[in-house]
Every structure is written in C-alpha cells, then in structure tokens.
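Novice: Chain order of the listed sequences is X and S. The first sequence: position 228 = 211 (the working numbering), numbered continuously. The second sequence: position 129 = 112 (the working numbering), numbered continuously. One structure follows; several queries about it will come next.
Protein chains: 2
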Amino acid sequence: MTEKDIEAMQKLFNPGNVAVIGATASSERVGYNLLDSLIEGGYKGKIYPVHPSLKEILGIPVYPSIRDIPDRVDLALVALNRRDTVEVLERCGKLGVKGAVSLAGGFRETGEEGRALEKRIVEIAEKYALKIVGPNTLGIMNLEANLNASFYPVRLKKGNVSLISQSGGIGFSIIQKCQDEGVGLNKFIGAGNRTVLEIADYLEFLAGDAGTRVIGVFLEGVENARRLVRAAGRVTRKKPVVIYKVGHSDDVNKATLTHTGSMAGSYKLFRDIFKQHGVLLAGSVAELVAACKALSLCQLPAGGRLGLYTYTAGPAIVALDGLAGREISIPELSPGTVRKIKAILGEDLPVILKNPIDTGGLGTRSGTYGLLVEAALNDPNFDLLATFCCPHKNWRNPTSELIEAYKKSGKPLLSCYISTVKGVEADREILQQAGIPLYKSPEETAWGIAALVHYSRGVECLS
Amino acid sequence: MTEKDIEAMQKLFNPGNVAVIGATASSERVGYNLLDSLIEGGYKGKIYPVHPSLKEILGIPVYPSIRDIPDRVDLALVALNRRDTVEVLERCGKLGVKGAVSLAGGFRETGEEGRALEKRIVEIAEKYALKIVGPNTLGIMNLEANLNASFYPVRLKKGNVSLISQSGGIGFSIIQKCQDEGVGLNKFIGAGNRTVLEIADYLEFLAGDAGTRVIGVFLEGVENARRLVRAAGRVTRKKPVVIYKVGHSDDVNKATLTHTGSMAGSYKLFRDIFKQHGVLLAGSVAELVAACKALSLCQLPAGGRLGLYTYTAGPAIVALDGLAGREISIPELSPGTVRKIKAILGEDLPVILKNPIDTGGLGTRSGTYGLLVEAALNDPNFDLLATFCCPHKNWRNPTSELIEAYKKSGKPLLSCYISTVKGVEADREILQQAGIPLYKSPEETAWGIAALVHYSRGVECLS
C-alpha cells in the first residue's frame, strides 16, 4: 500500500464525522443499529443519519440525502439493498467521501447479478479512490476512537489486540470470547466480501498501527492466497499475526462459496505455507483468543524452555499434552532450584521434585507459595513459567504472590486458575493488568504458551 | 461386580453418617475443608469429626478416635499422612466401616515406600471388604444426597451427568466448566490412585445408577486397560460414556507416572479400541462437557442427517468444519421446506436456499424466526437441527420460538447463541430446562452434535 492508501485507511478508522445512509427508526433494521452503535460506543464526532423522510432518529437530526449534509463526510456507513448500495457508493465517490462501509449482502455470493454489482463497486472504488469495507460485513470498530461502526451496539474492553474477520458471526464470536477472557480490543474489521480492501490490506494497515500489538484473523478463503501469505509473513516480523482458518472438508468449501464468495481451499496447504512464513495458525476461536491474550500481555521469552509449577498435577499434565508437537522443551529443574524448594518445604518431601514441579498440598499454603513460584521462575533452565491452581473457598488466591515474583524476574509468567468465568474475573483483571495472562483452563494456558514460544522462534528465524 | 459390591458402593454415595478422620481447625488443611464441604453441600446425615484433642470444629462435636464414635460409621473420610492413613483404614475395617475415601498422596507415585503402603491398603480392603476410594484423591460427591465429600466446599447445579476423574485438578476443571455451561451434576468421583476401586468399577456402578444419565471420564492411564475398555463398552450400551484421555507425548507419560502412578500409554491405541467399543473420546475438557450437555438433555436422533439454520453464515461454517470426519451427513433441503421458507420470506430472496440454511438479515425478524426454525426442524431429510444466532441489544432472543418449534417436532434441537458466558445465562436456563442444549460457540455446538450422532450410531450397531 502507498502512503496515500494508509492515510485513507486511517480516516476510515478515525473519521471526523460519519454519515449513516439507510438510517431508520425500526430497531430491527441495520440502519437503526449502526446509529445506536455509534452512540453506544461513545463516538465523539458528528453523526449524520440519512433517510428520505424521517426528521429525527435516536435524537439525531436526519438529512434526506447525503448531498444535503452541510459538511465533509469522512466515513459513510451504507445500509441499503444491494442495488441502492451501488448507487450511493457512486454518489459518495462524487462527493469526495474517503471511506465507506457497505453492510448489505446479496453480491457475488448469490450469483450473476450480485457479481455484476460487485464489479461496479470495484470500478467506483478505483475511479474515486474510495476505500470500501465489505460489502456483506458486520462493520468496523476502533475502540481507541470510541468508534463502533457495526450494527452490534456493544461496549467492549479496550486494549491492544486488533481483529480481522471474514465472517461477522465468527468476528462476533471472537469479540465475545475476548470479553470472557478479559482481552482488550483495539480495532475490529469485518472484511466481508473483500471486494476492494482485502485481508492483506488490513494486515498491512494494522502492521503500522501504533495501537495494535497483536493481530488476530479469521479466514474462510481468499482468491489471492499468495498475496495474503506474503503480507502475513511480512507483518509477522513486526507484530504477531494469529490466523484461525476453516476449511477441513468439502462441505465447508461449498458453504464458504455462498457466504463471502470464496472457496476455503486446501487447509493443509494453507497451514504449511503460513508456518513457513512464521504465522501462527489457531484451530478454534478459543485458541485464537488464548494466543492473542498471551501475546498482548507478555514479552516474548528468550527461548522455548518451559517450566510448570502446580500443586495439582492433572492440569499441568493436560497442558503438557496440549503442547505435544509444538517443539517446546520441558527441561529438568536445576539443582539450585531443587535446593531452594527443599529450603522452603523441608528435605523429606512426599513429592518428587521434577518439571512439572508439583508440591501437592504443601504448595497451597500462604507464605510459601510466592517463594516457590519465585524459585521456579528464576530457574536458569526455564525461559518462561506457567502456574496452575484451583481457587478455593477457604484459601486466598496467590494473586499478589504471582505479581511479586513476576516483577522480580521479568520472565514471561502465565497462570491458570481452574475456575468458572465468573469465579476468575476479579483476579484476572489484577493479574492481567500486571502483565500475567490468566487462563481458566489448562488447554487454553497451553495455547498461550505455544503462541509465545512460536513467536520467540519466529523472531529468531526471520529477523 | 457382585450385588454385594454394588450395595457397598451405594453406601459410599448414600451414607447415613460420615466420620472425618484428621479433621482440624486450620482452614488451610484438607481435614477442615472436608468438614466444611459436608456442611456447605447441605449433607443431612450425622457428621463425626475425629481429632485427638479438639472438642469442636465448625460447631460440630469432635471425637478423639473413630472407636469413640457412638454410632455405626458408613463412610470414613481419611485426611492423614500416608502412614497414619494405612493404620486408620485397618481400624475402620476392624470396626465394620463399609466405605472410605483416602485423600492424602505420597503412595506408589512417589516410590518404594509408597508402593509398600499401597499394597497394605489392598490387603486391608480385601480382608474387611472395605470399599476404598483413592488414595490421592479430591474426594467424591453425590449431589442427589447433598453429599460433598471432597475438600472443595462448593455448591453445584444438580442434574444427571456423573463424572469420574483420575485427577482432582482436571475433575475440578470439568466441574467448573459444567457450571459455566449450565450442566447439572449427579455424582463426582475423584479416582486418584485407584488402589482398590478402579475406573471400571465406578463405570459399572454408574451404569446401574438411576440418577446418572451420562458418564464423563477423565483418564490419564490405567494398568488393566483391557478391563477398562470392556467395562466402558458394556456400560455404553446402557448409557453414554464420554472419555477425555491425555497422553499424546512422552513428557506426559513421565508426568502421569508420578501423578496417579500410571503410564498414559499409547493414545492412538486407546482411541481405536474405545471407538470399536462405541465409547466417544473427547479431546478436551470443553469437548467432554459439550458432549455430556447434549447427551444429558436430548433424546438420540434417529440418524446422522444434520440440518443447520442460521442468519449468520460463519458460525454454521465453523460448526461444519468441526464436524469434518465425524461421518455426519449434511443433506440438501427438501423441496417442501424450500416452499415453506419462500412462503414465509417471499419468492425473490437475496440468499440461496440450501443446507446450512442462511436467511441473512431476513431471519432475525421477530414473527418469522419461529416459523423458519419449525420448517427446518420438520424437514424429512434431517434427523436433528442446530441453530445459530448472535444475541443483540435491540433484538429479542428467539428463545420462546425455539422452544415452541421443538415441542411441536420432538426432534433433537441444539442451539448456539454467540455470547459471553454472562450474556447467555438467563436464556440458557430456560432453553435447557425445555430440553434444548444451548452453546455459546459453534465449536462446542459441533461437539454436542457429534456426540448425539455418535451414540445414535452406537446404539444401532451394538444392540
């Protein structure tokens, strides 16, 4: 992308004012909900709803046409049927609008007429240098600018993870899982049919975006796979890119073609090529979010030597199981750490000191927990440490101990509190604020670990 | 197992009174928390704490020795070190106690001395016909009897799913995930070292247990794999058994040996043999719980022909992707259903009518949703239906429509509301009460579907 392209995309995410074309008073319709989202998101710029006859929607004055708006329009959100959409995009171009989000479906994914209309969108974009998101998209968000330009009026936690999703529904799945995991978002992009702007364009834009530290992508299929893979590989040298791609079966290929108009293609081919380019592939929404969480909070470890500390063996074993085949090493405890642990717990221990370090019931006691984690974290054999515990009605959670040990060491520390979503909430905020990702299941902890080690390797190989 | 064995195990889960040997006043210790759990769980029988000098713990009178308890003891919970544990179990046997849960670790998983002590436990069990759970266990629960005989004082949702876990920590993971998913529990068994009672025994007991409809198992490894596989295969003809087994790597084999004293063994071998016996293998806690949820709420479908109904394509595609390789068929819509949908939505639709049925924005409108789901559910080509939607601030959730359509048809219906855990809670209770499992991610929905179809096949083949 040229500098001019990037500037135009910045306008898309940081518009001074927004027109909602196809705004309505019916709360079931997309046009109403775009407006509601802008308000709910706390957007501070000017909002211009457009409707042929209504005077006011949600307390905001309405204009009969985009031509009647007495101001420059930076971003036009277009919620009209497919034919009117094309007309209005042309008008936007003529009026010098720089960016548009086109929400309606009904284009190439549905057949010949849709394909013809989509061709016209490409022509309009080129003729007027109009950046068009979609069509057939949930919309976009920039939480840094309090901009929710989607038809889902939600308030979300702010952070440094940005998301690109070819599907609105799965985009929303990722957003909701991020909320459950306390992962703050920066930008969300519903890519939809990618008629003008492709996933590769969004990746390149986010690569230079100061607010974005990690990029998560949901992919069905793309036409220009080579361009996507190269872009992802380039971007991943600057910041981590995690991609969740569907397409394991022929049924899925059929379904994606009539969704966002692309075949899913060979999953294995995608996987191997992405791997070569240092991009991490996730196998589910949960894995994508677990990986983004670790990458958004932790510095990369110096290497892939993992220590595990627990007082309940099962979760550490499940985490190890999840790490099989990930080229992560589980080195022995150094003799110095064994000595330190014996100095804390006594010589005659009813447990075997190895890695995973399992101190059993002894490890739950307050007063010793912090010392044990500190000893483990400082083992020279480990590049990063994961700890596991089960919150308990009568035992204090070791939250402050974990933070103290982490602050002293600076090595990446991930923690797993086996819990319900609600049970873990308060401690998670405190730990994650301090730079320790907190998971509630050992499987997700393993995904976080794998992501950190993957990128520590990638940075080594690629730079 | 003989009838006498089963009777003895029933006593274990339905004791008239319980002794807590090793009860203490320190809230950090297991002995205190066993007592607290019995109280917190609402246990109605008599509780006899045993401690050499204390007079009262948590308001309950304490006895200096089990010999001083002026009553028959049905169940002894033993929270002592490994040497004292063996002594006390012997004493329990002599006094005619019928069941014991032995909590402390430090047995064969730690070496020679532990192995010798464990041998003595076997001798004691045989000599006195004493049913011993563990050692090295979190404990057991029977929610039907308000019995929480574990050292985690928690209150849980009651239901018809029973769990057997070789690991306390993972057992607790499964329990907590069940809470997040609104899955009610019946019995929980922390199997631990399985010195006397093996997983196969628990399976056989639960097969005949009226309160248990579905059995979930977490497995590290077992010595007598043949017996386990045969038992699981036998039990699965009566009620579904879902097993989550770790052991994909050598690291895990090393770790399980020093955890509950067993090698994990070859994962692939286990998988293939379980499959032959009709047992479903789950790959994670999340999959285990998703499968148990569907099996606990739904009747088995007549076959494996799945319909999907959505207004947002991505989640249906992800679900399809998760079903790849599961031998589930995705048949075309019948002409009659196409006619019904067109009668509801009109002839000139901007979507292609196929399976997954994706009605796009049209499908979100109240008034039509229920009719569309009903049409899909009644398609003669489908044995079961899954629906997907994204709850929205301004749109009513289609909860009542789903229930109505389901009641009219009786075919298994699973639903996915893309949501946070909190966002889905209220509707989930209503839907699940009505027999419709509700998931918050399409991956978990796919696991629920796969479990139902798996057992519909299994029942066919095995019976």
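C-beta atoms are modelled at their ideal positions from N, C-alpha and C, and glycine is treated no differently.
Compute the distance between the beta-carbons of X:Ala62 and X:Arg12, then report whether it is under 9 Å.
Specialist: Here residue 62 of chain X refers to the residue found at position 79 when the first sequence is read from its first residue. Here residue 12 of chain X refers to the residue found at position 29 when the first sequence is read from its first residue. Yes, they are a contact pair.
Novice: Closest to S:Ile22 by C-alpha separation, out of S:Leu41, S:Leu37, S:Ala8 and S:Val33, would be which residue?
Specialist: To locate residue 22 of chain S, count along the second sequence from 1; it is residue 39. Of S:Leu41, S:Leu37, S:Ala8 and S:Val33, the residue nearest in Cα terms is S:Leu41.
Novice: If you reduce the DSSP assignment to three classes, tell me which class S:Ser446 lands in.
Specialist: Position 463 of the second sequence holds residue 446 of chain S. Per-residue confidence for S:Ser446 stands at a pLDDT of 47, beneath the threshold of 50, marking its modelled position as unreliable; the derived number appears in the next sentence. Three-state DSSP puts S:Ser446 in coil, outside helix and strand.
Novice: Please classify S:Ser36: is it buried, with 16 or more other beta-carbons within 10 angstroms of its beta-carbon, or exposed?
Specialist: On the second sequence, position 53 is the one that residue 36 of chain S refers to. Under this definition S:Ser36 is an exposed residue.
Novice: For X:Arg379, name the three-state secondary structure that DSSP assigns.
Specialist: Looking up residue 379 of chain X in the first sequence gives position 396. X:Arg379: coil per DSSP, three-state reduction.
Novice: Go ahead and pull the three-state DSSP assignment for X:Asn16.
Specialist: Here residue 16 of chain X refers to the residue found at position 33 when the first sequence is read from its first residue. Here X:Asn16 sits in helix by DSSP.
Novice: So what's S:Val105 in DSSP terms, helix, strand or just coil?
Specialist: Taking the second sequence and counting its residues from 1, one reaches residue 105 of chain S at position 122. In this structure, S:Val105 counts as helix in the three-state DSSP scheme.
Novice: Please list the partners that S:Trp378 has in chain X, where partner means a Cβ-to-Cβ separation under 7 Å.
Specialist: As a working mapping, residue 378 of chain S is identified with position 395 in the second sequence. Simply Glu11.
Novice: Mapping DSSP to helix, strand and coil, what is S:Phe465?
Specialist: In the structure displayed, chain S extends from -16 to 446; residue 465 of chain S sits before or after that span and is not available.
Novice: Do X:Gln416 and the ligand MG come close, with the Cβ less than 8 Å from some heavy atom?
Specialist: Inclusion of the ligand MG in the displayed structure is not the case, the ligand content being empty and no account of it being possible.
Novice: Quick one: Cα of S:Val117 to Cα of X:Ala277, how far?
Specialist: Within the second sequence, residue 117 of chain S is the residue found at index 134, counting from 1. Within the first sequence, residue 277 of chain X is the residue found at index 294, counting from 1. For the sequence presented, residue 117 of chain S should be read as Gly rather than Val. Going by the C-alpha atoms only, they are around 36 Å apart.
Novice: Note down, in chain order, all residues in the stretch 309 to 343 of chain X with a beta-carbon under 8 Å from any beta-carbon belonging to chain S.
Specialist: Ile313, Pro333, Val334, Ile335, Lys337, Pro339, Asp341 and Gly343
Novice: For X:Val105 versus X:Cys75, is the C-beta spacing smaller than 9 Å?
Specialist: Residue mapping note: residue 105 of chain X aligns to position 122 of the first sequence, counting from 1. Residue mapping note: residue 75 of chain X aligns to position 92 of the first sequence, counting from 1. Their beta carbons are not under 9 Å apart, which means X:Val105 does not touch X:Cys75 by this criterion.
Novice: With burial defined as no fewer than 16 other Cβ atoms inside 10 Å of the residue's Cβ, what is the status of S:Ile335: buried or exposed?
Specialist: Taking the first residue of the second sequence as 1, we reach residue 335 of chain S at position 352. So S:Ile335 counts as exposed.
Novice: Quick one: is S:Val404 near chain X, going by C-beta distance under 9 Å?
Specialist: Taking the second sequence and counting its residues from 1, one reaches residue 404 of chain S at position 421. With its beta carbon less than 9 Å from one in chain X, S:Val404 belongs to the interface.
Novice: Measure from the C-beta of S:Ala434 to each C-beta in chain X and report whether the shortest distance is under 9 Å.
Specialist: Looking up residue 434 of chain S in the second sequence gives position 451. No, because no Cβ of chain X sits closer than 9 Å to the Cβ of S:Ala434.
Novice: Quick check on this structure: which residue in S:Tyr294, S:Tyr15 and S:Val205 has the alpha carbon closest to the alpha carbon of S:Val179?
Specialist: The residue you call residue 179 of chain S lines up with position 196 of the second sequence. That would be S:Val205, whose Cα lies nearest to the Cα of S:Val179.
Novice: Do S:Gly297 and X:Glu203 have their CB atoms nearer than 9 Å?
Specialist: Your numbering for residue 297 of chain S matches position 314 in the second sequence. Your numbering for residue 203 of chain X matches position 220 in the first sequence. A contact, by the Cβ cut-off of 9 Å.
Novice: Closer than 7 Å by C-beta to X:Val212: which residues in its own chain qualify, once you throw out the five before and the five after it? Chain order, please.
Specialist: What you label residue 212 of chain X is simply residue 229 of the first sequence in a count that begins at 1. Excluding residues within five positions, the ones whose Cβ falls inside 7 Å are Ile256, Phe257 and His260.
Novice: Have a look at S:Gly290 and S:Val321 and give me their C-alpha separation to the nearest angstrom.
Specialist: Against the second sequence, residue 290 of chain S aligns to sequence position 307. Against the second sequence, residue 321 of chain S aligns to sequence position 338. C-alpha separation (whole angstroms): 13 Å.
Novice: Are the beta-carbon atoms belonging to X:Ile419 and X:Tyr389 less than 9 Å from one another?
Specialist: Against the first sequence, residue 419 of chain X aligns to sequence position 436. Against the first sequence, residue 389 of chain X aligns to sequence position 406. Cβ distance < 9 Å, so X:Ile419 and X:Tyr389 count as in contact.
Novice: On the DSSP letters alone, give me the boundaries of the alpha helix (DSSP H) that X:Phe257 sits inside.
Specialist: The residue labelled residue 257 of chain X in the question sits at position 274 within the first sequence. Element bounds for X:Phe257: Tyr250 to Gln259.
Novice: Go through its chain and collect everything with a Cβ distance to X:Ala302's Cβ below 6 Å, but skip five positions before and after it.
Specialist: By 1-based counting over the first sequence, the position of residue 302 of chain X is 319. Only Pro425, Thr428 and Ala429 meet the Cβ criterion.
Novice: Is S:Asp366 close to chain X? Criterion is C-beta to C-beta, closer than 9 Å.
Specialist: Position 383 of the second sequence, counted from the first residue, corresponds to residue 366 of chain S. For S:Asp366, the closest Cβ of chain X is not nearer than 9 Å.
Novice: What does X:Phe155 reach in chain S if we use C-beta pairs closer than 7 Å?
Specialist: Counting from 1 along the first sequence, the entry for residue 155 of chain X is found at position 172. Near X:Phe155 (Cβ distances below 7 Å), the residues of chain S are Cys373 and Ile401.
Novice: Compare the Cα-Cα distances from X:Lys423 to each of X:Asp163, X:Leu263 and X:Ser279 and report the closest residue.
Specialist: Counting from one through the first sequence, the residue named residue 423 of chain X turns up at place 440. When each option's Cα is compared against that of X:Lys423, the closest is X:Asp163.
Novice: Grouping DSSP H, G and I as helix and E and B as strand, with all else coil, what is S:Ala83?
Specialist: Here residue 83 of chain S corresponds to residue number 100 of the second sequence, with the count starting at 1. Note: S:Ala83 maps to strand in three-state DSSP.
Novice: Taking the continuous beta strand (DSSP E) assigned at X:Ile226, which residues delimit it?
Specialist: Stepping through the first sequence from its first residue, residue 226 of chain X is reached at position 243. Per DSSP, X:Ile226 belongs to the beta strand (DSSP E) from Val224 to Lys228.
Novice: Assuming the contact rule is C-beta atoms closer than 8 Å, X:Ala132 and X:Gly142 should be a hit. Round their C-beta distance to whole Å, please.
Specialist: Here residue 132 of chain X corresponds to residue number 149 of the first sequence, with the count starting at 1. Here residue 142 of chain X corresponds to residue number 159 of the first sequence, with the count starting at 1. With 8 Å as the limit, X:Ala132 and X:Gly142 do not qualify as a contact, their Cβ atoms being about 19 Å apart.
Novice: Please tell me whether X:Arg411 has its Cβ less than 9 Å away from any Cβ of chain S.
Specialist: Indexing the first sequence from 1 puts residue 411 of chain X at position 428. No - not a single Cβ of chain S is within 9 Å of the one on X:Arg411.
Novice: Can you name the residues that DSSP bridges to S:Tyr292?
Specialist: Taking the first residue of the second sequence as position 1, residue 292 of chain S is located at position 309. DSSP lists S:Ile340 and S:Thr370 as partners of S:Tyr292.
Novice: Flag X:Ile300 as yes if its beta-carbon sits less than 9 Å from any beta-carbon of chain S, otherwise no.
Specialist: Within the first sequence, the letter at position 317 stands for residue 300 of chain X. Taking Cβ atoms only, chain S reaches closer than 9 Å to X:Ile300, which makes this a yes.
Novice: From S:Ser48 to S:His34, what does the alpha carbon distance come to, in whole angstroms?
Specialist: Looking up residue 48 of chain S in the second sequence gives position 65. Looking up residue 34 of chain S in the second sequence gives position 51. Distance between the alpha carbons of S:Ser48 and S:His34: 7 Å.
Novice: Look up X:Leu58 in the DSSP assignment and give the residues it is bridged to.
Specialist: By 1-based counting over the first sequence, the position of residue 58 of chain X is 75. Looking at the DSSP assignment, X:Leu58 forms a beta bridge with X:Val1 and X:Gly82.
Novice: Closest Cβ-Cβ distance between X:Val268 and chain S: below 9 Å?
Specialist: For the purposes of this step, residue 268 of chain X is taken as residue 285 along the first sequence, with counting starting at 1. Yes - at least one Cβ of chain S is within 9 Å of the one on X:Val268.
Novice: Have a look at X:Ala108 and X:Ile115 and give me their C-alpha separation to the nearest angstrom.
Specialist: Locating residue 108 of chain X in the first sequence gives position 125, counting from the first residue. Locating residue 115 of chain X in the first sequence gives position 132, counting from the first residue. CA-to-CA, the gap between X:Ala108 and X:Ile115 works out to about 7 Å.
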